[in-house]
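Each residue of the sequence shown is one higher than the one before, starting from 0 at the first, in numbering that gives the first Met the number 0. Quick reminder that beta carbons are idealized off the backbone N, C-alpha and C, glycines included. This structure is a prediction, so every number in the text was calculated from the model and none was measured.
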Amino acid sequence: MDQIIIRGGRPLEGEIQISGAKNAALPLMAASLLSAEPLILTNLPDLADITSMRHVLESLGTNIQCNGEQGPDSTCTMQSATITETMAPYDLVRKMRASVLVLGPLLAREGHARVSLPGGCAIGTRPVDLHLKAMAQLGAKINLEDGYIEATAPDGGLTGGQIVFPFVTVGGTENALMAATLASGETTISNAAREPEITDLANCLVAMGAKIDGIGSDTLKITGVSSLHGARYAVVPDRIETGSYAVAAAITGGCLKLKGTRLDLIGSVSDILRECGVDIEEDTQQNCLTVSRTNGPIRGVDIITEPYPGFPTDMQAQLMALMATATGASMITESIFENRFMHVPELCRMGANINVHGSSAIVRGVDRLSPAPVMATDLRASVSLVLAALSTQGESVISRVYHLDRGYEHLPEKLAACGAQITRVRNS
Ligand code: EPZ
0 MDQIIIRGGR
10 PLEGEIQISG
20 AKNAALPLMA
30 ASLLSAEPLI
40 LTNLPDLADI
50 TSMRHVLESL
60 GTNIQCNGEQ
70 GPDSTCTMQS
80 ATITETMAPY
90 DLVRKMRASV
100 LVLGPLLARE
110 GHARVSLPGG
120 CAIGTRPVDL
130 HLKAMAQLGA
140 KINLEDGYIE
150 ATAPDGGLTG
160 GQIVFPFVTV
170 GGTENALMAA
180 TLASGETTIS
190 NAAREPEITD
200 LANCLVAMGA
210 KIDGIGSDTL
220 KITGVSSLHG
230 ARYAVVPDRI
240 ETGSYAVAAA
250 ITGGCLKLKG
260 TRLDLIGSVS
270 DILRECGVDI
280 EEDTQQNCLT
290 VSRTNGPIRG
300 VDIITEPYPG
310 FPTDMQAQLM
320 ALMATATGAS
330 MITESIFENR
340 FMHVPELCRM
350 GANINVHGSS
360 AIVRGVDRLS
370 PAPVMATDLR
380 ASVSLVLAAL
390 STQGESVISR
400 VYHLDRGYEH
410 LPEKLAACGA
420 QITRVRNS
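Now the structure itself:
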């Protein structure tokens, strides 16, 4: 398995182009199932998860042609003129849980779906019960058998309904929203997730002819239509990648210009980083953020992860790496997932002083972390270890870096261009 070798201790200086958001691109790709006409997506990131979703869609009959460009110039045309298969098999779904997002579109378009239960992952059991309840609220009959979700719409198709999520679910909101666009009548989704990726999906569906009110709020009202047409749509910048590289500037005491992103996407993250002592300036003309830590130490702050607009769980591991080198203590509480502290023992191997009590971690900052061989355990934990290694004087080796490939486009190249001594070595 590949490893990443980092010789840290240098402030990062330079520019990084932020890619399109993985967590927006995945539902947007699934939305291509809703129309027989082409959906053209631009700014699609080149990531393992995107490739996995492409394989799922192609197995269902979607034709996908990409121009091979990267970043804003990338264009992928996805056309589901005819859906030839309504089953998403275990061997594809288990590789990437977000494959379950084909459930709503298949039910809405074809009236039937057989989708493997995604199963858990490193950070938690991650059930999809709320997705299934939402489909049932739209009239679908749901059976679970042999590890598969067997879903069937009424003969006349899905019918609008009242969906009330007991707690916020990003994927559940996305499946419900996509299914409701073709359900006859009115659907209301209450306690809907408000993440920017949901807004991006809703805006794309509207561009395809869907009727959606309340976009950006926790109550979405959808009036079903008989069909959706094609559209051209640009994937929103990745707010988690933005936050991750902002931490890279802070933890190395450098200055990074993050291009192709927006401050409003990282509202709660920027608030916390500024509270820590990080400078963040936005240039709306140039569509970029400049992040630096030039004066004084990083101060410890307390955070609790929450649904948007709260502090995102996907930034928890990255902030912990920063807090590990801060002046003072911080308490980090993970309220979304039940097992999202696997980066803690690895950070402790690098000299961090962190104690976990239930869903909270007490972090006592140390002057400097030490280089060490460490192991990535999940996507955001892996980038947390990269950030920690960048702050140390010496060489760290990070193994199982395939986790990084899922969510960070060209990370070693982007960091090396800003002065990081980082290389990826291919091991057998
Ligand atoms: C999305 O996952 C993101 N993934 C995750 O990002 C992110 O951490 C998460 O939202 C929270 O923001 C994608 O968008 C592809 P949820 P999702 O449904 O939709 C429980 C990353 O690092 N739940 O909002 O699966 C669930 O177990 C990834 O990029 C149920 O109990 O998250 C969790 O505790 C990691 N039943 C909580 O709700 C359900 O039916 C939030 O999950 C659904 C969810």
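Asked	Found
For G13: DSSP bridge partner residues	L255
Nearest to C203 (by Cα), restricted to the options E173, E185, G138	E173
Where S390 falls: helix, strand or coil (DSSP)	coil
E305 in three-state terms, based on DSSP	coil
For Y147, the three-state DSSP class (helix, strand or coil)	strand
Delimiting residues of the alpha helix (DSSP H) encompassing G171	169–179
Local Cβ density within 10 Å of L100, reported as buried at 16 or more and exposed below that	buried
S383 and R367 closer than 8 Å at C-beta	no
Cβ-Cβ distance between M341 and V373 below 8 Å	no
Stretch-stretch touch, CB-based, cutoff 8 Å, three pairs: the region 133–142 with the region 153–162	yes
V127: CB within 7 Å of a non-hydrogen atom of the ligand EPZ	yes
M330, DSSP secondary structure in three states	strand
The region 295–307 / the region 263–281 touching (three or more Cβ pairs under 8 Å)	yes
Exposure of G19, with buried meaning 16 or more beta-carbon neighbours within 10 Å	buried
R231, buried or exposed, once every other Cβ within 10 Å from all chains shown has been counted against 16	exposed
Presumed contact (8 Å Cβ cut-off) between M77 and L40, rounded CB distance	7 Å
The region 186–206 / the region 240–253 touching (three or more Cβ pairs under 8 Å)	no
Local Cβ density within 10 Å of A178, reported as buried at 16 or more and exposed below that	buried
N-terminal and C-terminal residue of the alpha helix (DSSP H) that R53 is part of	47–59
Nearest-angstrom Cα separation, counted from F336 out to G171	15 Å
Rounded Cβ spacing between I397 and A375 (contact assumed at less than 8 Å)	6 Å
Short Cβ contact (8 Å threshold) for N4 with V424	The sequence shown places Ile at residue 4, not Asn. Against a cut-off of 8 Å, the Cβ pair of V424 and I4 comes out as a contact.
V163 Cβ short of 7 Å to the ligand EPZ heavy atom set	no
8 Å CB neighbourhood of A182 in its chain, flanking five on each side removed	A107, L137, G138, G156, L157, T158, G159, G160, I221, G223
Reduced DSSP secondary structure (H/G/I, E/B, other) of T312	helix
Counted within 10 angstroms of its Cβ, other Cβ atoms place T186 as buried (16 or more) or exposed	buried
Sub-8 Å separation of E323 and L346 beta-carbons	In the sequence as displayed, the identity of residue 323 is Ala instead of Glu. In this structure, L346 lies closer than 8 Å to A323 by Cβ.
Distance cut-off 7 Å: I250 Cβ against heavy atoms of the ligand EPZ	no
K21: CB within 7 Å of a non-hydrogen atom of the ligand EPZ	yes
In DSSP terms, what K210 is bridged to	T222
Beta-carbon spacing of Y147, V114 below 8 Å	yes
Run of the alpha helix (DSSP H) containing M134, from where it starts to where it stops	128–136
Proximity of M95 and S34 at Cβ, strictly below 8 Å	no
Cβ neighbour criterion (16 or more within 10 Å) applied to F166	exposed
Proximal residues to Q64 (C-beta, below 6 Å), its chain only, five neighbours per side dropped	T76
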